[in-house]
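Residue numbers (this note's numbering): 799 to 1088.
Don't be surprised by glycine CBs; every beta carbon is placed ideally from N, CA and C.
Source: prediction; values computed, not measured.
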Ligand code: SF4
């Protein structure tokens, strides 16, 4: 139906439709489901995402490895003290991303959108803006479908996997999905949606995947945090009329080329980057022994 952003934009313009309309058509064609059935699946996923984005805001839940615990709660307590550098909405959004992440690390239920390691970014961004701007349920649903279309294009032309393309492909893609969806939610045009997504990936290009001890915890939670801030920023930039000079499809191709040129140590093997530091090696030894 469409292989890249350029084809999707053309389809939208030729048929006077939005990205979510075309993405829904594609989903119906692939699954044989009716539109209401596809939307029901989205609604079920949105509920899981909402629940996980709230679950650990007020209670510390340790990860299975014991490496991390209570980040969302600590950030919420800091926000409540009222003196923060970033605005409180942005930090609240980050706290919700931490919550999703902590639910994942404690083997709770999350939606891997697009992956478990990047699961906090999309819900955190969309729910925070939904609540702040009083967005309707239908627009929220359409925003998640728009995000899916952006992720689908990245997957078709590059990768969403840290093991294949580094963290730029995983958290970078999640943030691009979120920023594009935010622009849709706030009434932006199709071109602005892809400018936001392009700028978001551009900002993290080359980001490596280096989880300590090979566990999706450190630095992954903080990569979700910066993914949230990146997505919020780029959505605002695009809505302000600021453009990414390089089109989305070329940005995705460049990201993929960078990913393929990364050494194996920096692609989720838990050997290079932060995982390869003396501290990273010490933690690995403590958990897994020699
Ligand atoms: S560092 Fe690797 S494992 Fe961690 S979130 Fe990024 S891509 Fe996923």
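Quick one: what's got a C-beta closer than 7 Å to residue i's C-beta in the same chain, skipping five residues either side?
| i | result |
| --- | --- |
| residue 888 | 1027 and 1030 |
| residue 943 | 818, 821, 822 and 840 |
Helix, strand or coil: which one does DSSP assign to residue i?
| i | result |
| --- | --- |
| residue 1065 | strand |
| residue 1007 | strand |
| residue 853 | coil |
| residue 959 | coil |
| residue 1041 | coil |
| residue 863 | coil |
| residue 1051 | helix |
| residue 917 | coil |
| residue 1088 | coil |
| residue 927 | helix |
| residue 1076 | helix |
| residue 844 | helix |
| residue 907 | coil |
Could you tell me whether any non-hydrogen atom of the ligand SF4 is closer than 7 Å to the CB of residue i?
| i | result |
| --- | --- |
| residue 968 | yes |
| residue 848 | no |
| residue 901 | no |
| residue 1074 | no |
| residue 917 | no |
| residue 1066 | yes |
| residue 1007 | yes |
| residue 923 | no |
| residue 1017 | yes |
| residue 1027 | no |
Does the separation of the CB atoms of residue i and residue j fall below 8 Å?
| i | j | result |
| --- | --- | --- |
| residue 951 | residue 1079 | no |
| residue 994 | residue 1033 | yes |
| residue 1060 | residue 1002 | no |
| residue 997 | residue 933 | no |
| residue 939 | residue 837 | yes |
| residue 1064 | residue 915 | no |
| residue 927 | residue 843 | no |
| residue 865 | residue 1024 | no |
| residue 976 | residue 945 | yes |
CB-CB under 6 Å to residue i, same chain, minus the five flanking residues each way: which ones, in chain order?
| i | result |
| --- | --- |
| residue 894 | 851 and 922 |
| residue 899 | 918, 1019 and 1022 |
Who are the near neighbours of residue i in its chain, counting only those whose CB is closer than 8 Å to its CB and skipping five residues on each side?
| i | result |
| --- | --- |
| residue 1052 | 1003 and 1044 |
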